[in-house]
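Visitor:
There are 2 protein chains.
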Amino acid sequence: TIPKPSLERLFLYYRILEACREGRKEVISSEELGRRAGVDAAQVRKDLTYISQCGRPGIGYQVGELLVALEAVLGLKRQTHAALVGVGRLGTAIHNYPGFTHFGLRITALFDIDPARVGQRVGEHEIYHIDRLVEIVSASTIQLGIITVPAHAAQAVANGLIAAGVRGLWNFAPVTLRVPPGVIVRNEDLAVGLATLSWHLARSAKP
Amino acid sequence: TIPKPSLERLFLYYRILEACREGRKEVISSEELGRRAGVDAAQVRKDLTYISQCGRPGIGYQVGELLVALEAVLGLKRQTHAALVGVGRLGTAIHNYPGFTHFGLRITALFDIDPARVGQRVGEHEIYHIDRLVEIVSASTIQLGIITVPAHAAQAVANGLIAAGVRGLWNFAPVTLRVPPGVIVRNEDLAVGLATLSWHLARSAKP
Ligand SMILES: NC(=O)c1ccc[n+]([C@@H]2O[C@H](COP(=O)([O-])OP(=O)(O)OC[C@H]3O[C@@H](n4cnc5c(N)ncnc54)[C@H](O)[C@@H]3O)[C@@H](O)[C@H]2O)c1
Ligand SMILES: NC(=O)c1ccc[n+]([C@@H]2O[C@H](COP(=O)([O-])OP(=O)(O)OC[C@H]3O[C@@H](n4cnc5c(N)ncnc54)[C@H](O)[C@@H]3O)[C@@H](O)[C@H]2O)c1
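See the structure below:
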């Protein structure tokens with residue numbers, strides 16, 4: 002399997018190579034790909050061996066070939082359907098963001114608990130009441146749950162998604178979810194990200 | 002200095018202990034703190050040595066004492082002032098989020114380029130035009146820049162913030178920023194987070 006840091010870099014290279022394709026650039030060296038990704042060239046070459054791509058010395062890599070190989074290994078053509086629970090500030094920003102379709106994500110159902118939001122139409126979807134989560138999700142092709150509800154509601158929402166057969170959770174609430182084995186959780190704790198940055202900033206600030 | 006994984010966990014413990022204080026819980030064991038944080042008890046004890054806290058065997062830690070020690074070591078009482086550039090979907094969600102004040106962050110200036118947004122009032126702030134970034138930020142106590150503009154504009158915005166004296170950047174745009182030594186950048190690449198989750202999901206899915 003591909004180690005996590007390499008995997009994250011491969012997704013980064015994919016986005017850079019897409020921009021090259023749009024700019025009609027056909028060949029790229031590991032030095033240039035490295036410069037655009039903020040990674041050194043030797044690391045780029047090592048990462049690309051995971052998708053069995055070797056550049057030609059002096060010429061580099063074919064952009065088109067790299068994209069095909071990355072799409073296959075990273076499964077980017079695969080569609081992943083997701084339910085988003087909690088259509089508040091963050092949920093709305095995530096739902097409306099076109100960038101996730103690059104990676105094959107489609108949000109196909111929205112849920113909330115607030116009577117003022119339930120029944121509203123957002124884009125092509127209607128916001129369902131959370132009580133219908135298991136009924137709607139278990140009858141769908143949804144494999145992923147995006148949790149953008151307040152911290153106190155997150156565990157109950159996770160339980161509902163798991164009961165409906167979802168095996169992957171993308172959690173933005175600042176709590177540690179307890180899930181059975183076989184369920185994959187990715188926590189995005191934005192506040193901790195910020196706190197770590199300002200901590201480093203204070204330590205490096207001029208005394 | 003504190004290693005990054007321990008540092009991120011200390012912020013997580015801080016949030017859990019705050020909830021304990023609100024619930025009038027005065028003592029907590031490393032087992033219980035570990036269970037709430039999703040970390041094993043031995044790791045909790047090891048992390049807490051960074052803030053020179055040792056529990057009493059059989060009794061545990063005083064919640065109040067841990068909070069005081071964490072606030073001091075993590076510098077949580079320190080105010081960090083930030084400028085947010087790009088008051089769109091994500092920028093608005095981040096600006097309105099009350100959770101960041103726990104970690105001493107205050108967003109004190111907003112910037113955008115869209116004439117329809119410039120001059121609008123959001124909460125207590127007026128949205129300034131990006132052309133006034135250096136003038137306003139260099140005359141302020143702002144140390145941190147939050148970048149929520151589209152990818153094509155992010156490098157120019159980073160340059161402006163650095164020119165204005167900012168030394169820390171929290172970047173949400175999916176590009177690798179090039180910055181001079183001494184400037185700290187934290188990238189939050191949400192799309193890569195999602196892509197990695199759906200990759201693991203596909204690999205573990207039933208064949
Ligand atoms: N806004 C940010 O920038 C930000 C940053 C970091 C973390 N977060 C975290 O993301 C989560 C969402 O934050 P937000 O700012 O969007 O909050 P918000 O209050 O704007 O939105 C929360 C939404 O969840 C809904 N909800 C509440 N309980 C529910 C339940 N049981 N079932 C279904 N829906 C429910 C609410 O009706 C609301 O629409 C929170 O856990 C927050 O801590 C947000
Ligand atoms: N919305 C999400 O959930 C999400 C998820 C992942 C990544 N991102 C990234 O975050 C960034 C913001 O995304 P969004 O969804 O909020 O986009 P958006 O288009 O809703 O907002 C972008 C804002 O930036 C402003 N802007 C553009 N150029 C500018 C410049 N030169 N100076 C100042 N302001 C400028 C625009 O006027 C707009 O208000 C993007 O880089 C995006 O790729 C967003």
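For the protein sequence lines, the chains are V and P, in the order given. Just so we're aligned, residue 2 is where the first sequence starts under the numbering used here, counting upward by one. Just so we're aligned, residue 2 is where the second sequence starts under the numbering used here, counting upward by one. We put the beta carbon where it would ideally sit given N, CA and C, even for glycine.
#1: For a contact meaning CB atoms closer than 7 angstroms, what does His201 (chain V) contact in chain A?
#2: If you follow the beta strand (DSSP E) that Leu85 (chain P) is in, where does it begin and where does it stop?
#3: In the DSSP output, what is Ala110 (chain P) paired with across the bridge?
#4: So if I threshold CB-CB distances at 8 angstroms, which residues from the segment 134 to 161 of chain V count as touching chain P?
#5: Where do the ends of the beta strand (DSSP E) carrying Arg187 (chain V) lie?
#6: Do the segment 98 to 105 of chain V and the segment 122 to 138 of chain V meet, that is, are 3 or more Cβ pairs less than 8 angstroms apart?
#7: Would you mind telling me which residues of chain P sit closer than 8 angstroms to His103 (chain V), beta carbon to beta carbon, in chain order?
#8: How many angstroms separate the CA atom of Arg16 (chain P) from the CA atom of Gly39 (chain P)?
#9: Which residue or residues does DSSP assign as beta-bridge partners of Trp171 (chain P)?
#10: Under a CB-based cut-off of 9 angstroms, is Phe12 (chain V) close to chain P?
#11: Looking at the structure shown, is Tyr62 (chain P) part of a helix, part of a strand, or coil, going by DSSP?
#12: Keeping to the same chain, check which residues put their C-beta closer than 7 angstroms to that of Val64 (chain V); ignore five residues upstream and five downstream.
#13: Less than 9 angstroms separating the beta-carbons of Arg90 (chain V) and Ala94 (chain P)?
#14: Just to check, is the beta-carbon of Ile131 (chain P) closer than 8 angstroms to a non-hydrogen atom of ligand 2?
#15: Using a Cβ-Cβ distance cut-off of 9 angstroms, determine whether Leu195 (chain V) contacts chain P.
#16: From which residue to which residue does the alpha helix (DSSP H) around Tyr15 (chain P) run?
#17: What residue range is occupied by the uninterrupted alpha helix (DSSP H) comprising Glu127 (chain V)?
#18: Rounded to the nearest angstrom, what separates Val119 (chain V) and Ala159 (chain V) at their Cα positions?
#19: Beta-carbon within less than 8 angstroms of Gly56 (chain P)'s beta-carbon, same chain only, minus the 5 sequence neighbours each way: which residues are those?
#20: What would DSSP say about Val119 (chain V), mapped onto helix, strand or coil?
#21: Determine, using beta carbons only, whether Glu23 (chain V) comes closer than 9 angstroms to chain P.
#22: Please identify the residue among V:Asp132, V:Thr109 and V:Val69 whose C-alpha is closest to the C-alpha of Arg122 (chain V).
#23: Closer than 7 angstroms, Cβ to any Cβ of chain V: which residues of the segment 72 to 83 of chain P, in chain order?
#24: Would His103 (chain P) pass as a contact of Ala192 (chain V) if the rule is Cβ separation under 9 angstroms?
#25: So if I threshold CB-CB distances at 8 angstroms, which residues from the segment 92 to 118 of chain P count as touching chain V?
#26: If the cut-off is 7 angstroms on Cβ atoms, which residues from the segment 36 to 59 of chain P count as contacting chain V, listed in chain order?
#27: Return the residue from the list V:Asn172, V:Leu145 and V:Val184 that minimises the CA-CA distance to Leu106 (chain V).
#28: Residues in its own chain within less than 6 angstroms of Phe112 (chain V) by CB, not counting five upstream and five downstream?
#29: Quick check on the burial criterion: 16 or more other C-beta atoms within 10 angstroms. Buried or exposed for Arg53 (chain V)?
#30: Using 8 angstroms as the Cβ pair cut-off and three pairs as the minimum, do the segment 195 to 205 of chain V and the segment 177 to 184 of chain V touch?
Guide: Quick look at the numbers:
#1: As a matter of chain content, chain A is missing from the structure shown, whose protein chains are V and P.
#2: Thr81 to Val86
#3: P:Ala84
#4: Gln144 and Leu145
#5: In the DSSP annotation of this structure, the continuous segment of the beta strand (DSSP E) that includes Arg187 (chain V) starts and ends at Ile185 to Asn188.
#6: no
#7: Ala192
#8: 13 angstroms
#9: P:Ile147 and P:Arg187
#10: yes
#11: Tyr62 (chain P): strand per DSSP, three-state reduction.
#12: Excluding sequence positions up to five before and after Val64 (chain V), its CB lies within less than 7 angstroms of the CB of Leu18, Cys21, Arg22, Lys26, Glu27, Val28 and Ile29, all in the same chain and listed in chain order.
#13: Going by C-beta atoms, Arg90 (chain V) is nearer than 9 angstroms to Ala94 (chain P).
#14: yes
#15: yes
#16: Lys5 to Glu23
#17: Run containing Glu127 (chain V): none in the alpha helix (DSSP H); it sits in the beta strand (DSSP E), His126 to His130.
#18: Between Val119 (chain V) and Ala159 (chain V), the C-alpha separation is close to 19 angstroms.
#19: Ser30, Ser31, Arg46, Leu49 and Tyr62
#20: coil
#21: No, because no Cβ of chain P sits closer than 9 angstroms to the Cβ of Glu23 (chain V).
#22: V:Thr109
#23: Leu75, Gly76, Arg79 and Thr81
#24: yes
#25: Result list: Thr93, Ala94, Ile95, Asn97, Tyr98, Gly100, Phe101, His103, Phe104, Gly105 and Leu106.
#26: If the cut-off is 7 angstroms between Cβ atoms, the segment 36 to 59 of chain P has Arg37, Ala38 and Gly39 near chain V.
#27: V:Leu145
#28: Val86, Tyr129, Ile131 and Leu134
#29: Reading the sequence as shown, one finds Ser at residue 53 (chain V) and not Arg. It counts as exposed.
#30: no
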